[in-house]
Every structure is written in C-alpha cells, then in structure tokens.
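What follows is a short report on a single structure.
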Amino acid sequence: MQTDNKKPGKLLAVVNIITILAVLFGGAAYLIFLPHETVAEDENRRLASFPEFSPKSYIDGSFTGGIADYFDDTVHGRDRIKKFIAADITPLKGRKYGGDEDGAELYGIAFEHSEETPAVTTAAATTAAVTHTTVSSPAVQTTAVTTAPIPAEEPAAEGGEINSNILVVNKRGLPLYPGGDVQGYADTINEYKKKLGDVNVWSMVVPTAGGLYIPSNYKSLAVDEKKDIDAIAAALEGAVPVDAYTSLAAHKSEDIYARTDHHWMALGAFYAAKAFTEAAGLPFKELSEYEELHLHDYLGTFYGYTQSPTLLNNPEEFVYYRPKNEVTVDQYDTSFRDPLDVALLVPSDNMTPSGYYYVFGMDNRIAHVHTKTGNGRKLVIFKDSYGNALLPFLTYSFEDIYLCDMRYFDLNAVSFIKQVKATDVLFSMCTFSATGPNLNCLKADMYK
Amino acid sequence: MVFSRLFFIYIFLPVCLGAYFLARGTKMKNNVLLLFSLAFYAWGEPVYVLLMLLSAVINYTAGRLIGRYGDSRKSRITAGLAVFTDIALLGVFKYSGFIVENINHIPSVELPVPDIRLPIGISFYTFQTISYVIDCLWETVTPQKSFRKFLLYVSLFPQLVAGPIVRYSTIEKEIDERTSSITDISYGLNRVVLGLAKKVIIADQLGIVADSLLGGIENATAAAAWTGAAVYAMQIYFDFSGYSDIAIGLGRVFGFHFDENFRHPFMCRDITEFWQRWHISLGTFFRDYLLYVPIFGKRRKYGGLFLVWLCTGIWHGASWNFVIWGLYYGLFIFIETLIGKKRMKKIPLVIRHIYSKAVIIAGFGIFYFEDLDKLGTFFTKLFSTGRLIGLQDRILLVNNVYLLILAVILTFPIIDGIRRISQRSAPVRTAAAVSLPAVSAALLLLTSILLVDQTSHPFLYFRF
Amino acid sequence: MNRSDVQKRLNSIFCDIFDDESIKISDSTSAADIEDWDSLEHINLIAAVEEEFGMKFRMKEVSGMKNVGEMLDIICERGSK
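Chain order of the listed sequences is W, C and F.
Last residue of the first sequence? That's 556 in the working numbering, and every number before it is there in order.
Last residue of the second sequence? That's 558 in the working numbering, and every number before it is there in order.
Last residue of the third sequence? That's 113 in the working numbering, and every number before it is there in order.
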C-alpha cells in the first residue's frame, strides 16, 4: 500500500481506484440487474423474497433487514457460485487426512469415543448425545418451500434432530453415532409388547452407513452401532428382534446405503425387509417382481450439510423399485383423518437431485397400503424416515400395512394398533432414532 | 447493518460513494455522510436510532453548556450529569437483564428480568460521547456548535457499529475542512478490501474450525482445548481488526484520519504490551478517563488497575465470563508490574513469548465460553493429561492446515515488511505497486464469492 | 517558586520512582523518553510529586500532561512546599 505522492505513484493510485470501483459498481449492477434466484435446490428452500412494507415490519426491522436479506440471498447464479466454492475454494483450506482421494474430512463437532476408556460406554455416550442435540432453527422452517418441485421441509418434531457429525471418507459420508439409551429403547418396546398382548411385536433396529462402513482406523470416532443393536436384542422381552445388520453386512459391497445422504438406499431396505419377512415366516418376492427405476446425479443431505468437494464430485445413482402388484394407498394426517388417494411412490418428475429421497414420501403423513396378498396379516410400522423405503418391499407379505412415523403421530399408538386389528407391529428405525432423542416420541406415542 | 454482506458492499457503499463524491464542498459532503450514517444505523435499528439521537442531543447540549460555563463548578456538574446519563443508558440497554438476573440470586428476591435487546453499537457510541463531554470539560476540545456536525461525529457509519472508539479531537478539524486526495482514496479502498478479506476469508473460516474444536469441550484433549482457543483467538483478531481496517479505510476515503486500533497484537512480548497493541482505542479510553480517577487514595495505582480491567471486561458483554476475562488480564498485568519492566526484560525473549501467548490463548477461552460450567471444563481440559491429541482433532487440523498456516503468517506484520523491503529495492517497489490493484480486486471478488454462501441454511441437523 | 529548584527536586523524584539515577529531565522529557514511565507508573509519579510539593493535580492534568515542562508549570503555579 504505497502512499507515494510522486507522479507514477499517483497514476498507480488512480488505476487502483478505478479497478476497485469497477468491481464495486460492476457487482452492484450484477446484484441489481441480473435476474434473482428464487429457489435453493440443495438447501430445499425458497430463497428470501422482497419484503412487504408495513409500519409493523418497518418498526421491528424486518422490512429493512428483509431488503438486505433479499439481495444477499437471491444472487444470480447462486447455485453455481456455491458449487464453485465447494469444488474450487474449500479444498484450498487443507488436505484430506491420511490419503489423497479417499482421505478423511470431518464436519461438525465430532465427539470422540475414546478406545482407551472402553468402560464408559452408555453413560458417557448419553451425555454426548444430549449435549449435541438441539432443536432446529425456526428460520429454516419458515423459508421452507411448499410448491410441487421441492417438497416442504418436515415440521419440527420435539427433539427430532440429531447434530450431524459427519466423516467423509472413501468418497462416502458417514454419520458418527454418539451412542444412546439402549435400555430405554428396549424398555419402551417391551412396554408396547405388554400392552399389546397377542399382537406380534418386532423390533428391527438398523445401522446407519457409519455402522457398516466406518474404516477400522476411524472407529474411535463413533460408538459401535452393532454393539448397541445386539444389546437391544438381548434386552427385549416378548418382542422379537430382527437382525437386519447381518443381512446388510453381507451385502456391504452393493450400493445399499447412500454415499451422499444419511439414509439407506432402497436396496438396503430390500435386504432388511427380506430379513424381517424371513423371521416372520411370510412370503417375500425377489427384485424380479419389481420394476427398477433410476435417477441420476443424486446429491443428498450430506452434501447439503458439509458442502464437501468430495461428495460434490461424486454424485450417485439413485435406484429404487416399484412392486409390480397392484396396491391401493391412502394417506392420512397425523390423527388418521382426511384420507388422500395417492401412489405408493411419489412421481419423481420435477424433483431435483437433492430431493430424490422424497420418492418414498413424507414422514408427516400416515400411509395405509392395501394389497392383494389376502393372507389376513395386518402390519403397523412405527418408524423413522428409514422406514419409508421398506414399504414397497412388504407389499407381497401383508394384506394391510399402516406406516406411521413415531415423530408425527397424534393418536394413542396402542389404541390405534388395536383399532386397525393389527396382527403384527414392526418398530423399525436406525440406531440414532432408537436410542437418541426420537425415543421420547416413541415413548410418548403410548400415552397420547 | 454489518459491512461483511453483499448488500452493504454492492448496494449501500456504491450509492454512498457516488453521492459523496458528487456532493460539492465539505458542508454538502457532511450532509451526505450524515444522511447515509443515519440510514445505515436505522437499517438495522429502525427504533433504537431514536435512542442514538437522544444520546446525541444530551451530549451535544452538555458540550454547549460546558462551553458557556467555562471552567466552573456548573461545567463539572453538567459534565457529571451527561456522563451519568450516558452510563445509565448503557446500563439500562446493555446490562439491566444481567443485573436483575444476579439480584435474583439473592434468596426471596424475584424481580422480573427485563427483556431489552442490545442496541447495535451502543457501547461504541456511548464511549465516544463520554470522551467528548470530558474533553469539553478539560478544554482539550472546543465544544461543537453545530448539532449536525456533532451528530455526524456520533453516528459516522464507518466506526459506528464496531469501533474504533474515535475521539472527537481526532476529527475535530477534519469535520470542518478535509480533502480526500487520490492517494487517500486509493489507500482507503485497499484498506476496506483488506478488512473485508480478513473478516470473510480468514475469520469466518477459522470460526468453523474453532467451533469444531471447542464445541465438544467435554470430550476434548488438552491439545484440542489449546488449539481451539488459539484458533478462536485468531478468529477474533481477524474479525475485529478487519472491522477496524474497514472503518479506518472508509474514514480515509472520506478524508478522515482515524488512529490505528490494532498493531499486530500477537507480536507482543508480555500482556501489558498485548493491550497496547489490541483494541488500542479502548485501552486509551480507559487510561485517559478512568485510570486516574482518584477514588483509591494512596494505593490508587493498583486500585485503578483493577478498576480499569473490571470495566474492560464488563464492557465486552453482560456476562460473568467477560468480567472474569477482564480481571484475568488485570491480574497478569498486575504481576508484570510487580516484576517490573527491567526484570521482565532480563527474562529470555522466547520464554516471554511463550508465556504471553499461553496467557492470551487461555484468555480467549474465557471469552468463548459464556457458560461458566463449560469454562471450568475448558480450564481442566487445558491442563489435562492423557492422550495428547485425538483422531478427530488430527483430521480437522489436516483438513484446515493451509488455512491455519496462512492465518498464523498473517498475524505477523507482512504488509509492513513488504513496504520496508520495497523502500529499499526499486524493483520490489514497482512490482508491489503494480500488482496492488490486481490483488485488491481479486481479494474483493473472492470475499464476495464467499459471501454468497453466507445466507445458506445448511442442514445443520439431519433427521432420520 | 523557583523553576530550576522545582526541576531539581522533580528530577530526584523521577530518579526515585523510576529507580534510575541517570535520569536527567528537561521541559521536553516525555513518557517516550523514560522506559518505565507508563500509565501505571504515572500514578506513582503523580502521587510522589503531590506529596513532595504539597499540592493536588486535577484529573485532566494527570491525564493530559504531555511532558515534564507542563508538569513544572503546574507545580510552579500551585505547589505549596
């Protein structure tokens, strides 16, 4: 920064001023005159709109603040700029740990489950889970999109979110399981079984990608999901545990879990459904009885959260399956009212690559599927979002299936199960939901 | 409004610069600046702008009265009342919640906790008005006759929301008569870009690392606690000094010469020196107006010292951790005073550097943890034994290694160094001068690109 | 009061406070010239001067004094011993 008053110095100062002003005024023109974006696909929300003036909105600052937010939020080419940041700027911050292409990146406040102190399992893990749990910000909710192409964000459920600590390694996002209330889950299922008497009660706790794919040298970053699944199985009384872990682990080399999303893929759900129907002694059809559907360039929630260049550069193929048999599907609200006739799988037209998972439907509706199986078996599923992908693969096994999300259920679960004359109840969710904050919803559903 | 957002850089600033340089004469330029300053403040505080106006009216009137009464008892009473009102306003709008919460700790006291939102910048402009009134009383400045000019001093948007605390004497002459030379404008714009880049490219990115390291303090190792606090210290430095750069730069563009607020604080050799290099305008404020208040009798040296550090702490925020933070620094400065400058100098330089950096880093831990339980955990972790560094910390540090190295390098006076070298070597001088516009433009563009991402609402929490 | 007398007495206060017999003050001596003369030692200096000359400085003087010359002026004007 020369402040030389000699002539060449002055000339350079003029050049400098012109350059910076060119950027400033060029940027102003870009911001003002180029078309504003309206939707952020990767964040699943509608961008800020120009605020409406009212005396109230002026006084509370939301008018002026809204104008600034509008300009900041709707920059032309926002999506491309963001991808440019992820692909070309973020990698400049450092290197991947322990490898070039397949090395590790860490996002969030990872809690480390120290190998050197194996004695403190549940107690320490529970504290970690609790301290990391927060209710989602209302700001995100209010900007949620409600129009067709992008599904509305799910309404907040009490204690429904888990802080996402994500390890990206081998081009795959892995959620780091913090452990949780294993006994609490088993107690809850046992209580359900007691209240339900003769109804078959099944519990299928499934691992997340972290539980299956975490390389051994990173194991200390998370609690062992398999150990908690086994501990739950051992603590169940009357309710029957279904071992999905072993089936899934056997097919680890296939694409059974999303690499850019925290869910499993339909194929994973297929193997889990197979394990369940085998345990229940029910008919089950192989994939040949399904139509295979493909969506390309899927970039799921892990990318949205981490903006990891590795995930961005490695989008995946989203594969799902439609049963060839005929089914009728009715969707209800969380109090089992207002039925809507819908398709089993939501049409994927107009869906953006980040929204593909919504082909399995939303969590905040109760679905009733009636099939032509005619075997008189009626199943009620209490599930988290993993459960949605199970549904198509059970349509050859049950005559009626009621799919209920434990977080969005406003009736008494026990009365509901009895009311629909269920023969079977399946509690199916991932480890985070079973032992984490979602467990409170499952408990509360008994007493509504 | 804050500086580090696209709306400010690309809408507010170009419009303001355009209007300012189209206006002819200092009077018109002052009007333009005043208008934009009030708009700037009202943009974020459509109601509290009235509070700032009220404060300006009170202190302006006090200044006029003091000017009329001269060196008399009436003047001292007027100044006393004005300063009392300033502190009372600050007390009500910044500290009432904190005060009432603490009073409620007394058994059987149940006062309703007032829910008052902190007006942006009140800590800064209140200190400016206090310094003005006292300077009027001490006759170091002539009371401003024009309310418009006084209001401009109080509300001048470059330094309004995040300092530095500009003394009236600094701008007394320039508010009446000033010019922006070509080199002033060039220097000022570069300084603004530098400040924005420090804030957005360095500080905000460091923030992510610091939060990752300190967020799970319960499970942290000693290395994570130390590194986390060190990264946080650098984050605050680049953030705060970046804001000061923007303020000083904008001031220069408009023809004002503000004093420097930071002088590479991490280069210090002891804690006393740290505070001569960190947030200088606050330190000199307390030195000039508080340190010599004769309320401690014979022992006022140390009384004054701890009073200053108590106030420094409280000034930073209405929370106990800030009180502790202030007194913590006071304690180390007290110890250094006991040792004495001459004996301090005899300690090897390396040791002084290690000591001062350790104290500063741990100090920023106090600044970070408002929750006192977590603060306690932090300190036990600092001195915990066992595993030196966890796997997660190793991954995080490797993932951010270039950012961290860059940040550490930039805490040194790099630009001064380049300037020194270029004074000796003509080719370097030419190279630096010629590349400067390109470097500035590139930094501004990079900053802007990163700001596009700032409104992102990532899936902070995933749902199963 | 005799200004050069005052300066002599003041000089010995300086030597005492800053623990340095080699200090020779003049009107233009300021905090920049004496290493130990920082804002805290300034308090001790002021207290010692007040005691020696039986007078009180005002706060604006304590805070605003730029060099020894200004201090001497004030002492000569108001000092009582």
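Every residue gets a Cβ at the ideal spot worked out from N, C-alpha and C, and that includes glycine.
- Rounded to the nearest whole angstrom, the CA to CA distance from residue 313 of chain W to residue 442 of chain W is 23 Å.
- At a cut-off of 8 Å between C-beta atoms, residue 531 of chain C counts as an interface residue with respect to chain W.
- With contact defined as three or more Cβ pairs closer than 8 Å, the segment 301-318 of chain W and the segment 535-548 of chain W are in contact.
- Contact residues of the segment 368-383 of chain C toward chain F are 381, 382 and 383 (C-beta to C-beta distance below 8 Å).
- For residue 283 of chain W, the three-state secondary structure derived from DSSP is strand.
- When C-alpha distances from residue 556 of chain W are compared across W/524, W/476 and W/460, the shortest belongs to W/524.
- When C-beta distances to chain W are compared with 9 Å, the residues of the segment 264-287 of chain C below that value are 275, 276, 277, 278, 279, 280, 281, 283, 284, 285, 286 and 287, in chain order.
- Counting C-beta pairs closer than 8 Å gives three or more between the segment 500-509 of chain C and the segment 317-334 of chain C, which meets the contact rule.
- Of the candidates W/119, W/357, W/133 and W/150, W/150 places its Cα closest to the Cα of residue 411 of chain W.
- Residue pairing from DSSP places residue 402 of chain W in a beta bridge opposite W/427.
- For residue 373 of chain C, the closest alpha carbon among the candidates C/336, C/460 and C/394 is that of C/336.
- Against residue 76 of chain F, the close residues of chain C are 395, in the order they occur along the chain (beta-carbon pairs closer than 8 Å).
- Per the coordinates, the alpha-carbon of residue 155 of chain W lies some 12 Å from the alpha-carbon of residue 175 of chain W.
- Cα atoms of residue 203 of chain W and residue 292 of chain C: separation of roughly 22 Å, rounded to the nearest angstrom.
- By the C-beta density criterion, residue 398 of chain W is buried, having at least 16 other C-beta atoms within 10 angstroms.
- For residue 455 of chain C, same chain residues with a beta-carbon under 6 Å away, outside a window of 5 residues either side, are 323, 324 and 327 in chain order.
- Note on geometry: alpha-carbon atoms of residue 194 of chain C and residue 182 of chain C lie some 15 Å from one another.
- Its Cα nearest to that of residue 282 of chain C, the residue W/122 stands out among W/201, W/122, W/552 and W/169.
- Interface flag for residue 431 of chain C against chain F is set, since a Cβ pair is found closer than 8 Å.
- Contact annotation: in the segment 138-165 of chain C, residues whose CB is within less than 8 Å of a CB in chain W are 138, 139, 140 and 141.
- Cβ-Cβ distances below 7 Å link residue 457 of chain C to 419, 422 and 423 in the same chain, with the five nearest sequence neighbours on each side left out; the list follows chain order.
- Between residue 46 of chain F and residue 269 of chain C, the alpha-carbon positions lie close to 40 Å from each other.
- The beta carbon of residue 166 of chain W sits closer than 8 Å to some beta carbon of chain C.
- Distances from the alpha-carbon of residue 522 of chain W to those of W/546, W/488, W/499 and W/427 put W/488 closest.
- Interface criterion met: the Cβ of residue 94 of chain F is under 8 Å from a Cβ in chain C.
- In this structure, DSSP gives residue 449 of chain W an extended state, which the three-state scheme calls strand.
- Between residue 205 of chain W and residue 194 of chain W, the beta carbon gap of about 18 Å keeps them out of contact (Cβ cut-off 8 Å).
- In the three-state scheme derived from DSSP, where H, G and I count as helix and E and B as strand, residue 213 of chain W is classed as strand.
- Counting along the chain, residue 276 of chain W sits inside the beta strand (DSSP E) bounded by residues 274-277.
- Taking 9 Å as the cut-off between beta carbons, the residues of the segment 513-544 of chain C near chain W are 513, 516, 523, 524, 526, 527, 528, 530, 531, 532, 534, 535, 538, 539, 540, 542, 543 and 544, in sequence order.
- The DSSP-derived three-state label of residue 312 of chain W is strand.
- Assigned with DSSP and collapsed to three states, residue 333 of chain C falls in helix.
- By the criterion of at least three beta-carbon pairs nearer than 8 Å, the segment 341-354 of chain W is in contact with the segment 379-388 of chain W.
- Taking a contact as a CB-CB distance under 8 Å, the pair residue 136 of chain W and residue 114 of chain C does not count as one, their CB atoms being some 15 Å apart.
- For the options C/275, C/201, C/339 and C/133, the alpha carbon positioned closest to that of residue 285 of chain C is the one of C/339.
- Cβ-Cβ distances below 8 Å link residue 484 of chain W to 507 and 531 in the same chain, with the five nearest sequence neighbours on each side left out; the list follows chain order.
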